[in-house]
Amino acid sequence: MKQLTLEPRNKKSYTQFTLNLLAAVIVFNRRRAGEVSRLKLKDYLNGIGGNAVVQLHELNMTQLEKTFINFFSRIQFIGKHGKIVSILLSKDVKNALNKLVSLRGIHVAPENDYLFAAGTGGWVRGWNSLKEVSTNCGAERPEALKSTNLRKHVATSSQLLNLENNELDVLAKFMGHDIRTHNKYYRLPDEVVELCKLTKFFSLLEDGKIPQMQGKNLDELPLPDEEMEYGSKFKMRT
32 MKQLTLEPRN
42 KKSYTQFTLN
52 LLAAVIVFNR
62 RRAGEVSRLK
72 LKDYLNGIGG
82 NAVVQLHELN
92 MTQLEKTFIN
102 FFSRIQFIGK
112 HGKIVSILLS
122 KDVKNALNKL
132 VSLRGIHVAP
142 ENDYLFAAGT
152 GGWVRGWNSL
162 KEVSTNCGAE
172 RPEALKSTNL
182 RKHVATSSQL
192 LNLENNELDV
202 LAKFMGHDIR
212 THNKYYRLPD
222 EVVELCKLTK
232 FFSLLEDGKI
242 PQMQGKNLDE
252 LPLPDEEMEY
262 GSKFKMRT
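Using the numbering used here, the letters of the sequence shown correspond one by one to residues 32 to 269.
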């Protein structure tokens, strides 16, 4: 972002920025790389417009849940097999994506409607972004950092927690897993549940702290940082 602020027409920096951002969104959400890659610009812009449904249910939320809602945004779009999928974005990542969007007029053809647009047309491939970032970050086994393995990581990590049936359903639905096929969670709309509860889980997962939470349910999970240092704990690593 600093480089592009100084040199907004720097094509190399814009390309790397796009690739890093795509990897950051895939890794945090443990989403299928191909799904996030094909996120449309209009779906992103519609998703960051506000959480009207959430506001209607604020009276039923704890202060902690309200804090997470203020820090995260939820984007929905059409994923694999035509299913609607969601991703969660922190303020830092959303700010970076807004920067990406603001520079599209310089680097992206007007007819390209993908958020993670490739300069030559189409979209940046998620598997390629993960491959490059996992290699550059110095991981001991970069070949293991694939979206499929990251999704399996969610399934195995969640088994360490004492999740209630409805909580497991929420997580399974978010991930697109068929852990439970018929039970539904009716207490709150999906938007409220995902923003209030799953943000804690994925934040702790990113910090490698889920093994320490064995036996807890989603409501019992602590903040990723007890000091609430959101400005430092949720910094995007690009």
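Ideal placement from N, C-alpha and C gives every residue a C-beta, glycine not left out.
Remember, it's a predicted structure, so these values are computed and weren't measured experimentally.
- Between ILE109 and ILE115, the C-beta gap is smaller than 8 Å, which places the two residues in contact.
- Apart from sequence neighbours up to five positions away, the residues of its chain that approach ASN41 with a beta-carbon distance below 7 Å are GLN34, LEU35, ordered along the chain.
- In this structure, GLY157 and VAL67 form a Cβ contact; the two beta carbons are roughly 6 Å apart against a cut-off of 8 Å.
- When the five nearest sequence neighbours on each side are left out, the beta carbons in the same chain lying within less than 7 Å of the beta carbon of GLU38 are those of SER44, in order along the chain.
- Distances from the CA of ASP144 to each of LEU76, ALA127, PHE102 were compared; the closest alpha carbon is that of LEU76.
- Contact between the region 118-132 and the region 242-251 is absent: fewer than three C-beta pairs spanning the two stretches fall below 8 Å.
- Here ARG61 carries a coil assignment [DSSP, helix/strand/coil].
- Assigned with DSSP and collapsed to three states, PHE232 falls in helix.
- Under the rule that a run must span 4 or more residues, the alpha helix (DSSP H) segments found entirely inside the region 133-193 read 135-138, 157-167, 178-189.
- The continuous alpha helix (DSSP H) containing LEU202 extends over residues 196-206.
- When the Cα atoms are used, ALA149 and GLU195 turn out to be separated by approximately 42 Å.
- Annotation for LEU120: the continuous beta strand (DSSP E) segment containing it runs 115-121.
- Counting other Cβ atoms within 10 Å of its Cβ, GLY113 stays below 16 and is therefore classed as exposed.
- Here the C-alpha atom of ILE79 lies approximately 11 Å from the C-alpha atom of LEU72.
- In this model, LEU134 and ARG69 are separated by some 19 Å (Cα to Cα).
- Here ILE241 carries a helix assignment [DSSP, helix/strand/coil].
- Going by C-alpha positions, GLN245 is about 49 Å away from ALA140.
- Spanning the alpha carbons of LEU128 and LEU52 requires a straight line of approximately 7 Å.
- Pairing ARG61 with PHE147, the inter-Cα distance amounts to about 17 Å.
- According to the DSSP assignment, ARG40 belongs to no beta strand (DSSP E), since it is labelled neither H nor E.
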